[in-house]
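K.L.:
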Amino acid sequence: MLTAISTSNAPVAVGPFSQAIKVGQLLFVSGQLPIDPATGEIVSEDPVLQLRQCLKNISAIAAEAGTDLAATVKTTVLITDMSRFGALNEEYATFFKAPFPARACFEVSALPKGAQVEVEAVLALYGSDE
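Per my numbering, the sequence shown starts with residue 4, numbered consecutively.
Put into structure tokens, the structure is as follows:
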């Protein structure tokens, strides 16, 4: 059974998609832009601060589903400038501990709302087989 997960502590979905879908023992979090849910605006022009907000949004959605970033299995990071990869990687590492989630990172030509970073994630739900 598919269950939509939604929280006001992350940006609302503005299209035909859910913030996240829970199925079995997994949570699939839609790509999160660096939008502050309180203001509805992108937090900064700094891609490092944008990454931080994306991960905070994922954390809020995870909490609503009863899990947290420590249960992240896989992320996909989209960035508009691969030359910022090193700085973004340093910030990313502050959110996760070993064993680190599997990850893919792609440079894209553009992201919605002029964002420089977007992150999607798959997380395990507590109570699942380890």
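For each residue, glycine too, the CB sits at the ideal point set by N, CA and C.
Everything numeric in this text was worked out from a predicted model, so none of it was measured.
Give the range of the alpha helix (DSSP H) segment to which Q53 is assigned.
P.N.:
50-68
K.L.:
Confirm, please, whether the CB-CB distance from V122 to V80 is below 7 Å.
P.N.:
yes
K.L.:
Looking at the structure shown, is L29 part of a helix, part of a strand, or coil, going by DSSP?
P.N.:
strand
K.L.:
Is there a Cβ from chain B that is less than 7 Å from the Cβ of A113?
P.N.:
This model lacks chain B altogether; it includes just one protein chain.
K.L.:
Would you list the residues sitting across from A127 in a DSSP beta bridge?
P.N.:
L29
K.L.:
Determine the DSSP secondary structure at K2, reduced to helix, strand or coil.
P.N.:
A question about residue 2 goes unanswered here, because the residues of the chain that appear run from 4 up to 133.
K.L.:
What distance in whole Å lies between the Cβ atoms of V125 and L29, which are believed to be in contact at a cut-off of 8 Å?
P.N.:
6 Å
K.L.:
Apply the 10 Å Cβ neighbour rule to A23 and answer buried if 16 or more other Cβ atoms are within range, or exposed otherwise.
P.N.:
buried
K.L.:
Work out the CA separation of T78 and F103 for me, nearest whole Å.
P.N.:
Straight-line Cα distance between these residues: approximately 10 Å.
K.L.:
Buried or exposed for T70, please, with buried defined as at least 16 other CB atoms from any protein chain shown within 10 angstroms of its CB.
P.N.:
buried
K.L.:
Measuring only the C-alpha atoms, how far is V32 from A127?
P.N.:
11 Å
K.L.:
Which class does G34 belong to by DSSP, given the choice of helix, strand or coil?
P.N.:
Collapsing the DSSP output to three states places G34 in a strand.
K.L.:
Do you know offhand how far S131's Cα is from F88's?
P.N.:
Because S131 carries a pLDDT of 44, less than 50, the predicted location of this residue cannot be relied on, and no value is offered for it.
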